[in-house]
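All residue numbers for the sequence shown refer to the numbering used here, where the first residue is 120 and numbers rise by one. Even glycine gets a Cβ: it sits at the ideal position worked out from N, Cα and C. Reading through the structure tokens given below for one structure.
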Amino acid sequence: MQLNESSLSLPIFHVCDCDLLDINLWIALSIPTHVHHRSAEIYWNSLRAPEIAFCSVTMLGMLRLLSNPRIVVGSPLTPEEAWSIYSGFAQLPEARFLHDNPAVLALLRLFHQATPISQHKWTDAWIAAHAHCAGARVVSFDSDFTAFPGLRFRHLT
């Protein structure tokens, strides 16, 4: 089955003025030498919504990748340094945390029933489900989020 809005019976949630940032955007914002750091700064300084959000997957992914020597080549962060960067973002007045809940799990299941999710897309599907349930917009350098019908999405380049 092709995944599209008419193939899913998506619950209608309110739309909030909040961006759920993908892991790749958090990494680009955190590492000045990252190839997308300048684009991430432009988004952060002039394009972001009034509220920004983490969910469990984006928080843990950020912590894991900031301390991974294959991602932060030359000088990966210690777990304490990675936590400090996460904490700095999380403590901003405009930051919020989208908690896991049954609606997110139900929407993930709907996404999978419509079109089975490949092993590389589970995390994207979880982030998309979280954003949809919160009425938030996903912001990412990854264009794969266009696969999720009804998702508010901003693709950065």
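- When only Cα atoms are considered, I150 and G180 end up about 14 Å apart.
- In this structure, L217 and H249 form a Cβ contact; the two beta carbons are roughly 5 Å apart against a cut-off of 8 Å.
- Looking at the DSSP output, C135 bridges to nothing.
- Contact check for A159 against L182 fails: the beta carbons are separated by 8 Å or more.
- The C-alpha of V154 lies about 26 Å from the C-alpha of F267.
- Scanning its chain for C-beta atoms nearer than 7 Å, with the 5 sequence neighbours on each side dropped, one finds around R273 the residues R256, V258, in chain order.
- Counting along the chain, H231 sits inside the alpha helix (DSSP H) bounded by residues 221-233.
- Here A172 carries a strand assignment [DSSP, helix/strand/coil].
- The DSSP assignment places complete alpha helix (DSSP H) segments of no fewer than 4 residues inside the segment 152-199 at 156-161, 175-185, in order along the chain.
- Note on A244: 16 or more other CB atoms within 10 angstroms of its CB, so buried under the neighbour-count rule.
- Shown here, H218 sits in coil according to DSSP, grouped into three states, outside any helix or strand.
- Excluding five sequence positions before and after V191, the CB atoms of its chain that fall closer than 7 Å to its own CB belong to I150, L185, given in chain order.
- When the Cα atoms are used, A147 and A253 turn out to be separated by approximately 24 Å.
- As DSSP reads the structure, F272 sits in a beta bridge with V257.
- According to the DSSP assignment, S149 belongs to the alpha helix (DSSP H) that extends over 142-149.
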